[in-house]
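Working notes for the structure below.
Residue numbers (the numbering used here): -4 to 121.
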């Protein structure tokens, strides 16, 4: 499965059972979806450049050492780009997990306050 397929796959439970980020989720805001897609497209633009750089290194340089250095550099850039994609995914996961936790806390607090208000109203009536 490619990195992009992993990042855009429908949300699945992680090892901890927490919700994971998915751009297909209806709770994702349009702004976040656009920001995420912009990041992914920019990082995906690096891979063809790296492939082209490897081919150019072979064509331009006759020295095997230079070819290796350029190829190694392109591989490091590719791995760095892949790591950035993974970190971006984790960042969005953490953001939406924190947002979900915050919403649960608000709902819990609201329910607690409503129950207390109903208890007071019942006590005042009797």
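Idealized CB from N, CA, C, for every residue including glycine.
Three or more beta-carbon pairs separated by less than 8 Å link the stretch 70 to 78 to the stretch 36 to 50, which places the two stretches in contact. Judged by DSSP secondary structure, residue 43 falls within the alpha helix (DSSP H) whose first and last residues are 41 to 55. By a beta-carbon distance limit of 8 Å, residue 62 contacts residue 56. Their separation comes to about 5 Å. Under the three-state reduction of DSSP output, residue 76 falls in the helix class. Counting the other Cβ atoms within 10 Å of the Cβ of residue 35 gives 16 or more, which makes it buried.
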